[in-house]
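Residue numbers (the numbering used here), protein chains in the order written: chain L, 3 to 276; chain P, 3 to 276; chain Y, 3 to 276; chain C, 3 to 276.
Just so it is clear, CB atoms sit at the ideal spot from N, CA and C, and this is done for glycine as well.
4 protein chains.
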Amino acid sequence: MEKHVPKELSGLRGWLNRRLFDLHTPEGQRTNRFIMLAIVLSVFISMFGTVPDLAVRWQRAITAFEYLVSVLFALEYAARLYAAEHPRKYALSFYGLVDLMTFLPMFIFGDPGLAVRLLRVLRLLKLVRYLKALQLFIHSLRDVFDIMLVVAAAIFLVVLIGGNLAYFLEGEGMLDPPTFRNAFEGAWWALVTMTTVGYGDIVPHTPAGKVLAAALMMLGLTMFAMLTGTISVKIAHALSYHRACRKCERLISQEFVYCPFCGADQREEEDKED
Amino acid sequence: MEKHVPKELSGLRGWLNRRLFDLHTPEGQRTNRFIMLAIVLSVFISMFGTVPDLAVRWQRAITAFEYLVSVLFALEYAARLYAAEHPRKYALSFYGLVDLMTFLPMFIFGDPGLAVRLLRVLRLLKLVRYLKALQLFIHSLRDVFDIMLVVAAAIFLVVLIGGNLAYFLEGEGMLDPPTFRNAFEGAWWALVTMTTVGYGDIVPHTPAGKVLAAALMMLGLTMFAMLTGTISVKIAHALSYHRACRKCERLISQEFVYCPFCGADQREEEDKED
Amino acid sequence: MEKHVPKELSGLRGWLNRRLFDLHTPEGQRTNRFIMLAIVLSVFISMFGTVPDLAVRWQRAITAFEYLVSVLFALEYAARLYAAEHPRKYALSFYGLVDLMTFLPMFIFGDPGLAVRLLRVLRLLKLVRYLKALQLFIHSLRDVFDIMLVVAAAIFLVVLIGGNLAYFLEGEGMLDPPTFRNAFEGAWWALVTMTTVGYGDIVPHTPAGKVLAAALMMLGLTMFAMLTGTISVKIAHALSYHRACRKCERLISQEFVYCPFCGADQREEEDKED
Amino acid sequence: MEKHVPKELSGLRGWLNRRLFDLHTPEGQRTNRFIMLAIVLSVFISMFGTVPDLAVRWQRAITAFEYLVSVLFALEYAARLYAAEHPRKYALSFYGLVDLMTFLPMFIFGDPGLAVRLLRVLRLLKLVRYLKALQLFIHSLRDVFDIMLVVAAAIFLVVLIGGNLAYFLEGEGMLDPPTFRNAFEGAWWALVTMTTVGYGDIVPHTPAGKVLAAALMMLGLTMFAMLTGTISVKIAHALSYHRACRKCERLISQEFVYCPFCGADQREEEDKED
């Protein structure tokens, strides 16, 4: 979507395009680093606005900064819309919509309440644009998604069964006061136990409840070991198969001298006589 | 057990068999997705029945829905029994018994109490049928089971020794009030510490108890690192070596065109001219 | 130490030796399984003795069982001493000393207090004898020990620095009431945070303390990821290099047709013409 | 920096240089082990000084020991400065500055307060000098740093978004009393949840808050599984490919006798007749 500047965009449009969309040039990097700083700053300022003491004392500065940032993002949006190769495509893209949402609510509703404040946090989604490495990472993990879904489904099943069992063992009518006020609290406790988060807000009191907890801990640790193992294997694969064969262009290990698929020699011409 | 429909099953029986047992056809997927939805819904409704406020306000709706679902599952069971290739074999199979348990208690006992409510949750076991991927996963891990048993036995040993040591250090007669009221509480704390769950319901107060906790944490993390490591290695093996060579029948990577052991070509006849 | 019965031990001694030391025969397995059961049972009974209610109600039964088990272990010790190939070597071995400690204190001191009770738990160490797989496992990890020591030393360093820093930020004189009463509490909190146990008995209250906690969490997770990674790699190595070369007897991969060290062909004679 | 003693340093200077800088000689190891002991002891004594009871009772001994250690470290510094090959280079190096900081504040300010006490803990940084293995380890992980930065950035993003969402769901004006007093508390809770530390100081109370917690737990576990996986792969690579081929200079396994790329024999001349 954010391709290099093609030749036909020139003048102001080309200049803006390079500065806003092209992260491969020093100017583009400088502009975008400034925008990143503005995003993180504005989110922190917005969070300071939720601390009662600070919110009252700095109210004016916070509001002023908020308007300043909104204007800045509005200008950025206008500039991007003007400079984009396909303005309509940009406007309807994920980043285009996020860019629009970062200033529009401020201009329509002002700064009345919580919901608008939350929308401001969505500015952070603008940052995803710069986490190229993360996107590549996620992309390389795409074929692990079905295993992750299976693990998630298995956890969902175990949490529901474990939670109901917990409610059966230490719920209303079995223990007084009950450890779990309802089966949902049981499921919440089962999740907190399986993930080894262990807040300690709910803890089983009977021997049977503790045995159930032990089983959930072991199951959870095994399941997450499976997840870690699967991801490790996929990462190992992604990190070692990252050279395209000179002939068939399939991804092969950096270390192979001959392509295992088509047999083509991977050495440079001058290396062949080694 | 749930094979493709053989030719001899025709008419209504064949039609039902395809819809209920055959997950490879669109009709079969549709029917089974509807059953899955009914299972999850009925479990959630059953859990809502444990929340005092909701249980009173929605009592009628919940009971009505409960009967509806029970009738649905009874019909499903009857249809499966009628359409199965080997009805007796289905009735005695794991899934057959689970299917029967999902509606029978409701018709025999009505909705009196906790035990029947728990049986309702067992409906979730019907879902295991659809987690084919999970079954394959567990199957591929079968030879890790002995290592997992050894890890479990080692944890059992360390938890018992650690728990008794903890009781010796901060139990009745050593500390007032004692951190651990009996040796079982010590073992429970040792387990919660080793798995890094750390509820915080019991926390050591003396320097000696804290040193013991540190030892248990390090031991636990090392043990679970071993578990994760072993599972990772097995998954790596399962993911990369899962095709038998066409000639020597040794397990080789899915990606190899030629067997690295005997050199046999692994391609289908019609693919060879690629 | 526990070798197969040599020919010269015959009569009662040979019969006992097979039953007590030889885990490869069905009789030996039966005898040792009975001893294992007695060990686990006696430890659980001893733990029941620490629960005030049960201890009073079942006092007589517990004491009687305790004497019974002690006599049983004394008989086992005597039989092992008599049947061992090298009685003195057995008596001075780790297992010989553990076997002796499991009944001697009971006969000398009776059942007066906590310390003797703790010695009883040491009976569990007898079980280590049966965890052959665990011993092999630990053995294969011997060369990871130096990496584990480095990780342990690094954690020790970070815990001390983090703990003192924490005390500096939220200790006596900085916060009222102080989060940490002394620098040792700071170190304890740093350890509980780094291992992600998170009891919650001590939690930082100031922004600076929370930033320190975040740094400790990230450091801890990275360190334990390193530990898991190193152990995974070693396990992968141990699991894949488990066949001795037919000629040079070095450990090589199951999959190699030729030894990478001496070049010897690893195939059976009849397979060579494949 | 701490190279072997060159020939031209002789007499006292050479003798000191060997003892202080050369960890390959027995004398050097003995001197440095003594310094290590002094460092650890002095930090522990300094920590004892923060325990009110002990601080009062042992005040004189602690102060005396503190002066003793400061003098020892001053002498060590002077000796190192005198014996170093390039005294100015040592004085300006990381270790030189740390060595200076371990005694200077004591002589300038005496023992007045917390800040000086904290500086004393920096003595532990002197120990980093001896953790060669750790330095090698960190060095071999240098190319994982960008992945770790991406993971850290992703966690930062999720913590900010999750924390603001949490404040929106259970903050001031939404729940009474609010679970989170401001958005920063939300971010702190999100971090504690994602890392599975789970102190339990803040726990969500509404169904929506608990669903958010579940999402954060799963995201956190997946992210740290990625981190573990990446580190595992890098360690596997570092442990197996760390010798350059004698002929083609590509990295190959330590265990290979022949280079798998060019076939060159990797043995020393005198080993070839093995």
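Test: residue i CB closer than 9 Å to a CB of chain C
{"i": "L/S48", "result": "yes"}
{"i": "L/D203", "result": "yes"}
{"i": "L/M219", "result": "no"}
{"i": "L/V123", "result": "yes"}
Test: residue i CB closer than 9 Å to a CB of chain L
{"i": "Y/Y132", "result": "no"}
{"i": "C/L159", "result": "yes"}
{"i": "Y/T230", "result": "yes"}
{"i": "P/T197", "result": "yes"}
{"i": "P/L25", "result": "no"}
Residue i to residue j span [Cα, whole Å]
{"i": "C/F170", "j": "C/M176", "result": "7 Å"}
{"i": "C/L25", "j": "C/Q31", "result": "5 Å"}
{"i": "C/G202", "j": "L/G200", "result": "8 Å"}
{"i": "P/M228", "j": "C/R131", "result": "30 Å"}
{"i": "L/N19", "j": "L/H88", "result": "11 Å"}
{"i": "C/F50", "j": "C/R119", "result": "11 Å"}
{"i": "P/L39", "j": "P/L70", "result": "14 Å"}
{"i": "Y/P28", "j": "Y/W17", "result": "13 Å"}
{"i": "L/R21", "j": "L/F36", "result": "11 Å"}
{"i": "Y/L77", "j": "Y/L14", "result": "15 Å"}
{"i": "L/V53", "j": "Y/T232", "result": "44 Å"}
{"i": "P/V1", "j": "Y/T104", "result": "No statement about residue 1 of chain P is possible, as the shown extent of chain P runs from 3 to 276 and does not include it."}
{"i": "C/F158", "j": "Y/A216", "result": "11 Å"}
{"i": "C/V205", "j": "C/M220", "result": "17 Å"}
{"i": "C/N166", "j": "C/Y84", "result": "57 Å"}
{"i": "Y/I163", "j": "L/H207", "result": "37 Å"}
DSSP beta-bridge partners of residue i
{"i": "L/G174", "result": "The displayed chain sequence assigns Glu, not Gly, to residue 174 of chain L. L/L177."}
{"i": "C/F158", "result": "For C/F158, which the question treats as bridged, DSSP gives no partner whatsoever."}
{"i": "C/F67", "result": "Note: C/F67 sits in no beta bridge, so no partner."}
{"i": "C/F182", "result": "C/G173"}
CB contact below 9 Å: residue i versus chain P
{"i": "Y/K212", "result": "no"}
{"i": "Y/A63", "result": "no"}
{"i": "Y/V194", "result": "yes"}
{"i": "C/G222", "result": "no"}
{"i": "Y/V100", "result": "no"}
{"i": "Y/W60", "result": "no"}
{"i": "L/E174", "result": "yes"}
{"i": "Y/R248", "result": "no"}
CB contact check: residue i to chain D, cutoff 9 Å
{"i": "Y/S234", "result": "In summary, chain D is missing from the structure at hand, where the protein chains are L, P, Y and C."}
Proximal residues of chain C, C-beta to C-beta of residue i below 7 Å
{"i": "Y/A185", "result": "M49, T52"}
{"i": "Y/Y169", "result": "T52"}
{"i": "Y/A216", "result": "L193"}
9 Å Cβ cutoff, residue i in contact with chain Y
{"i": "L/D276", "result": "Residue placement at L/D276 is poorly supported in this model, since its pLDDT is 41, which falls under 50; the coordinates are not used for a value here."}
{"i": "L/G200", "result": "yes"}
{"i": "P/P179", "result": "no"}
{"i": "C/R32", "result": "no"}
{"i": "C/I110", "result": "no"}
Proximal residues of chain Y, C-beta to C-beta of residue i below 9 Å
{"i": "C/I37", "result": "Near C/I37 there are no residues of chain Y at all, since even the closest Cβ is about 15 Å away, more than 9 Å."}
Cross-chain neighbours of residue i in chain C, by beta carbon under 8 Å
{"i": "L/M150", "result": "T224"}
Contacts of residue i in chain L (Cβ-Cβ under 8 Å)
{"i": "P/W191", "result": "Those within 8 Å of P/W191 in chain L number zero; the least Cβ separation is about 10 Å."}
Per-residue contacts from residue i into chain L (C-beta, under 9 Å)
{"i": "C/L162", "result": "V42, V45, F46, M49, V123, L126"}
Amino acids of chain C, ordered along the chain, whose beta-carbon sits closer than 9 Å to that of residue i
{"i": "L/A154", "result": "M220"}
- Query: So, do the segment 207-220 of chain C and the segment 184-195 of chain L have three or more beta carbon pairs nearer to each other than 8 Å?
  - Reply: yes
- Please determine if the segment 60-75 of chain C and the segment 149-166 of chain C are in contact, where contact requires at least 3 C-beta pairs separated by less than 8 Å. no
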